[in-house]
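Numbering (the working numbering), first residue to last: 755 to 1644.
The C-beta atom is built at its ideal place from N, Cα and C for all residues, glycine as well.
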Amino acid sequence: MRGFRGLHTELRVGWVTGLLLSVAQVCIAPALARTDPPPAPAGYVADVELWHPVIGKGIAEILLIGKTVYVKPLDVFSFAHIMAADTSDGSVVTGFYIDKTRPFTISPENRSITYEGKRITLDKDAFAVRSGEWFMETAVLEKVFGLKCTFNMPLMRMVISAPEPLPAEREQREAEELRHVKGLEVASKLIPDIAIPLPRNLFSLGTLDWSFTGQYANPAIDGNYSLQLGSQFLGGDLDGTLLGYTHQRVDWNDIPWRWRYPIQNSSLVSTVLVGRRAAFSGLALADSMIGLQVTNIRPSSYTSADANYTTYTISDRTQPDWTVELYINDQLVSFTKADAMGFYKFAIPIPYGSTDIRLRFVGPYGEVQTKDVSFRIPYTFLPPGTVGYTLTVGTPFNVPTLDNAVGKMDLQFGVNSTMTFGGGLRYSRLPGNVPDFVAFANGSLRLSKDAIASAEYYHGIGLQSRLDISDLFGLTLGAGYDQAFSNQRTLLDDLTVQDSRSLRLSGPFPANLGSFQVEALDYPFTPTEGNFLLNGYTAINLWQCVLNATANASFIRNQFRLLQPSDFLGSLSFTVPAILGTSIRPQVDGDYTTGTVTDFGITLSRSVFNFASVSLTWIHYIAQKMNSLQASLGVIFPFASMGISGSSATSTAAQYGASSQGSLVCDPSSGRFFAENRPEVRYGGFTVEPFLDRNNDGKREQDEPLVKNVTLDGAPGNVITHKDGSMQLLGVEPYTPYCIKTGTTKLDVASLVPKYSSFEVTPPANGFAHVELPIVSMGQIEGYITRMNGKDSAPLSGARIKIQHADANDTSLVVPNEDLLTYSNGEYYYLGLLPGKYRVYVDPMQLELLHAVSSPPFIEITVTNKDDGDYIDNVNFTITKRQGSTKSGD
755 MRGFRGLHTE
765 LRVGWVTGLL
775 LSVAQVCIAP
785 ALARTDPPPA
795 PAGYVADVEL
805 WHPVIGKGIA
815 EILLIGKTVY
825 VKPLDVFSFA
835 HIMAADTSDG
845 SVVTGFYIDK
855 TRPFTISPEN
865 RSITYEGKRI
875 TLDKDAFAVR
885 SGEWFMETAV
895 LEKVFGLKCT
905 FNMPLMRMVI
915 SAPEPLPAER
925 EQREAEELRH
935 VKGLEVASKL
945 IPDIAIPLPR
955 NLFSLGTLDW
965 SFTGQYANPA
975 IDGNYSLQLG
985 SQFLGGDLDG
995 TLLGYTHQRV
1005 DWNDIPWRWR
1015 YPIQNSSLVS
1025 TVLVGRRAAF
1035 SGLALADSMI
1045 GLQVTNIRPS
1055 SYTSADANYT
1065 TYTISDRTQP
1075 DWTVELYIND
1085 QLVSFTKADA
1095 MGFYKFAIPI
1105 PYGSTDIRLR
1115 FVGPYGEVQT
1125 KDVSFRIPYT
1135 FLPPGTVGYT
1145 LTVGTPFNVP
1155 TLDNAVGKMD
1165 LQFGVNSTMT
1175 FGGGLRYSRL
1185 PGNVPDFVAF
1195 ANGSLRLSKD
1205 AIASAEYYHG
1215 IGLQSRLDIS
1225 DLFGLTLGAG
1235 YDQAFSNQRT
1245 LLDDLTVQDS
1255 RSLRLSGPFP
1265 ANLGSFQVEA
1275 LDYPFTPTEG
1285 NFLLNGYTAI
1295 NLWQCVLNAT
1305 ANASFIRNQF
1315 RLLQPSDFLG
1325 SLSFTVPAIL
1335 GTSIRPQVDG
1345 DYTTGTVTDF
1355 GITLSRSVFN
1365 FASVSLTWIH
1375 YIAQKMNSLQ
1385 ASLGVIFPFA
1395 SMGISGSSAT
1405 STAAQYGASS
1415 QGSLVCDPSS
1425 GRFFAENRPE
1435 VRYGGFTVEP
1445 FLDRNNDGKR
1455 EQDEPLVKNV
1465 TLDGAPGNVI
1475 THKDGSMQLL
1485 GVEPYTPYCI
1495 KTGTTKLDVA
1505 SLVPKYSSFE
1515 VTPPANGFAH
1525 VELPIVSMGQ
1535 IEGYITRMNG
1545 KDSAPLSGAR
1555 IKIQHADAND
1565 TSLVVPNEDL
1575 LTYSNGEYYY
1585 LGLLPGKYRV
1595 YVDPMQLELL
1605 HAVSSPPFIE
1615 ITVTNKDDGD
1625 YIDNVNFTIT
1635 KRQGSTKSGD
């Protein structure tokens, strides 16, 4: 890279040269009567630093002509991860900007850029060639792609910015989001220096999730509240939920609760689950029952980076701009925001083991109008040769008995990496106390990388099957076929199979024009007739506006002929880009069956200060001749989410509402409380206390202070750093080992280092694991090596020094970043020794090559743990020729 000083020297020389050329041109040009334009200034080429606040740093080569900055487009595109490549002769650059629907071609020879099918002709100064390589003016990147390159001469830095997320920026944010939400660091090969075991408590209070919603409609006030308390109990985690209403008394006998006890490093039992109105995998229990489940399949196995080998796509619609949270086995692993028409999509990793999925929908204005959708992915895979079981039983809570009890035994076997088969029995009691058993079998098969299929057979009940293809010419296809057997039996847990045929097709339109989804459902009720439902929606991008259209139709089917629709509704909305920060969305709804418009309206919404939102909606209902006006305001604080709303309609009293939700977390070990705006029950955390380990015993004493500014690389969850240097990490997945790297780049004292470069910690649910991280001072040694030749002595350069641990339980070598060699004056020094005993000596292999010996053969030292680091000097050696050797030792 060219230095800043050198570049400025060249620029000064260039200005003088340019001035002389200009004077000469003015004086001589009339005499020569030249008509050709003068040659362009030569310009100066230099390497500069590319910088983006999210992507980081990179290198690019620029050409500076006067005050105009030229850059190689491939340097910028490579930095931003924009797909681009040049031809074999380097004359043309082709690629696509951000996505494949936006192709471009840059041709310096033709002074043009073709982008999204449009040809843009550039000025003759837009390109410049130096030493056979061509550069493009940075202003062109901003004009065509919106990619702004701001050059800072003193810092020799070019700042990159764009109005939309760049691919590299998106990749960085997705990685950060994954580490934050899932709490995972993709570093499975990292071996930690120390492992902190899972703490188990007899009893400890930990987390409380709360929410409140109230509505006022003159003259009545109605409200409800929810309190979910999470704790640790008998070595596991226990939580219960209290739901209350302002007009009803609390029924303490109807509180849902769940106790879970995980067992690590066991192939026989992984989890024991007891609860009432809890989520039991594969078996639905009545609210009046208490259930028990024992399994050796680990629900959290999806967190292993090498366990997920295929995906399952979930896409559907909800309210526009609502947040959709994805929970896998009760853990939040991802979230997304529905688009302007309510479309959302997840690509769920399918792991080895069982996977229970739950979606949670949250309104955009802080209101607690949430809806949970629970379902099970119809695919279960196990590693080859692995046998998994899940035993679930349920019985009435008040009077536990075998009467009206239900149960299920599920066995799974991993045949190979693409196939898992299983089966088992379901048990219940029929009226008259007659036992009833139903055998079932199931299987999952990965047909290809993007196609998976499954089937479930229940004896005497029916058959269910499913096929999903995630990438069919860029589209997503899902098909289902369920067949109920005649006179099917009904179990106590209401397991039934309904005749149905389903087909869903979704994907994007070409040229980034939008997306669509079509879903067809058929419910036959005779061999020749059935009820056919057709749902479709589409979103079309028009000049940065979004046109949304939906249609839902219900037909009576006779063979393959559809009769007159009994119900055919549709909706059409048009979202206009934000004008002065305000988004506008007009909408009209109609009934295609009668050919009439049912209602129309408009919604205005605006974000305020990036933490609040306001919305105003007006709707006119034609048949009722009624107008409706709704307004809402939501604020998201770090400690809670709050919202207020109001609505009024013609001839109807006004209604008002308020809502709030949040969470409280307690860390008993530190005595600290935390308020969060997201749920924390069933999540875990851990406390890290970096301390100065003066006696080097790895345990914190009263006189050992905390050390500030220690960093944790790859830390999951929400990291809270306190003034004393301790850290709390909240909202991480419990019972999962996390490998964390420690860092000291921000420490004020360079000699301080963590005793462990990495540690592994397993947090419990509804509680904290406590990590005491010892910080010690590095020691420095210094010495000289002298070579004796007869009576003459001289410093020996290039001698290799070895340092070996001399503790009783550790005799390994200290491995510096590079060879520890003496300088030309024979001196060497090394900073980086942790407190302990060491043996220092000259490399024996080097001595053998020199036919020399060292005096003394080695020196033993002890590095003590001082606050400012230990310093040991005079670790000197003398090298002499071995007796009987004719070599000089040079």
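I'd like the span of the alpha helix (DSSP H) that includes residue i, first residue to last.
i        : result
Lys-1462 : No alpha helix (DSSP H) holds Lys-1462; DSSP gives it neither H nor E.
Leu-724  : There is simply no residue 724 to check, as the chain begins at 755 and stops at 1644 in what is shown.
Val-830  : 827–834
Would you kindly report the start and end of the unbroken beta strand (DSSP E) that includes residue i?
i        : result
Leu-1601 : Premise fails: Leu-1601 lies in the alpha helix (DSSP H), 1598–1604, not in any beta strand (DSSP E).
Gly-1439 : 1438–1446
Tyr-1584 : 1581–1587
Asn-1543 : 1533–1543
Lys-902  : 902–906
Leu-1156 : Run containing Leu-1156: none; DSSP gives neither H nor E here.
Lys-1645 : No answer is possible for residue 1645: it lies beyond the span of the chain, which begins at 755 and ends at 1644.
Arg-1432 : No beta strand (DSSP E) holds Arg-1432; DSSP gives it neither H nor E.
Lys-1162 : 1160–1170
Ala-838  : 838–840
Gln-1341 : 1336–1345
His-1213 : From DSSP, His-1213 is part of no beta strand (DSSP E); its letter is neither H nor E.
Leu-1231 : 1229–1238
Residues in the same chain with beta-carbon distance under 6 angstroms from residue i, minus the five sequence neighbours each way, listed in chain order, please.
i        : result
Lys-1462 : Gly-1479
Tyr-1625 : Gln-1534
Ala-794  : Below a pLDDT of 50, predicted positions are generally treated as unreliable, and Ala-794, at 39, falls in that range; the measurement from the model is reported next regardless. Counting only Cβ-Cβ distances below 6 angstroms, and skipping sequence neighbours, we find nothing.
Phe-831  : Ala-838
Asn-1285 : Tyr-1277
Gly-1645 : Because the chain is modelled from 755 through 1644, residue 1645 falls outside the range shown and cannot be assessed.
Ala-1303 : Thr-1292 and Leu-1326
Thr-904  : Val-913
Tyr-1375 : Asp-1353
Phe-1631 : Ile-1539, Val-1596 and Ser-1608
Arg-1541 : Ala-1548, Leu-1550 and Ile-1633
Tyr-1410 : Tyr-970 and Gly-1400
Gly-844  : none
His-806  : Ile-914
Assuming residue i contacts residue j (C-beta within less than 8 angstroms), just tell me the rounded distance between them.
i        : j        : result
Gly-1148 : Thr-1174 : Actually they are not in contact, since the Cβ atoms of Gly-1148 and Thr-1174 sit about 26 angstroms apart, beyond 8 angstroms.
Asp-1447 : Val-1530 : 5 angstroms
Gly-1142 : Gln-1166 : 4 angstroms
Ala-1233 : Leu-1221 : 5 angstroms
Thr-1336 : Arg-1360 : 5 angstroms
Met-1481 : Leu-1466 : 7 angstroms
Gly-849  : Ile-836  : 7 angstroms
Ile-1474 : Phe-1428 : 7 angstroms
Gly-989  : Arg-1012 : Contact flag wrong, Cβ pair sits at about 15 angstroms.
Residues bridged to residue i by DSSP?
i        : result
Gln-1002 : Gln-1002 is not bridged to any residue.
Tyr-1595 : Lys-1556
Pro-1549 : Thr-1540
Asp-1478 : DSSP lists no partner for Asp-1478.
Ile-1613 : Val-1594
Ala-1293 : Ser-1269 and Asn-1302
Ile-1206 : Arg-1200 and Asp-1222
Take residue i and list the residues in its own chain whose beta-carbon comes closer than 8 angstroms to its own, dropping the five residues that flank it on each side.
i        : result
Phe-1513 : Pro-946, Asp-947, Ile-948, Ala-949, Ile-950, Cys-1493, Ile-1494, Thr-1496, Val-1525 and Leu-1527
Phe-1365 : Val-1389, Ile-1390 and Phe-1391
Thr-1155 : Thr-1149
Val-706  : One cannot answer for residue 706 here, as it falls past the ends of the chain, which runs 755 to 1644.
Asp-1317 : Just to set this straight, residue 1317 is Leu in the shown sequence, not Asp. Only Phe-1309, Ile-1310 and Arg-1311 meet the Cβ criterion.
Ser-1417 : Thr-961, Leu-962, Asp-963, Trp-964, Ala-1429, Glu-1430, Asn-1431, Arg-1432, Pro-1433, Glu-1434 and Val-1435
Once you ignore the five residues that flank residue i on each side, which residues in its own chain have a CB closer than 7 angstroms to its CB?
i       : result
Ala-880 : Arg-865, Met-890, Glu-891 and Val-894
Tell me, please, whether the segment 978–996 touches the segment 948–960 by the rule of three or more beta-carbon pairs shorter than 8 angstroms.
yes
Assess contact between the segment 1016–1024 and the segment 993–1001, defined as three or more Cβ pairs (one per stretch) separated by less than 8 angstroms. Is contact present?
no
Touching by the beta-carbon criterion (3+ pairs, under 8 angstroms), the segment 822–835 and the segment 889–898:
yes
Examine the Cβ distances between the segment 1492–1503 and the segment 1558–1572 and report whether three or more of them are shorter than 8 angstroms.
no
Is the number of C-beta pairs between the segment 1547–1558 and the segment 1596–1616 that are closer than 8 angstroms three or more?
yes
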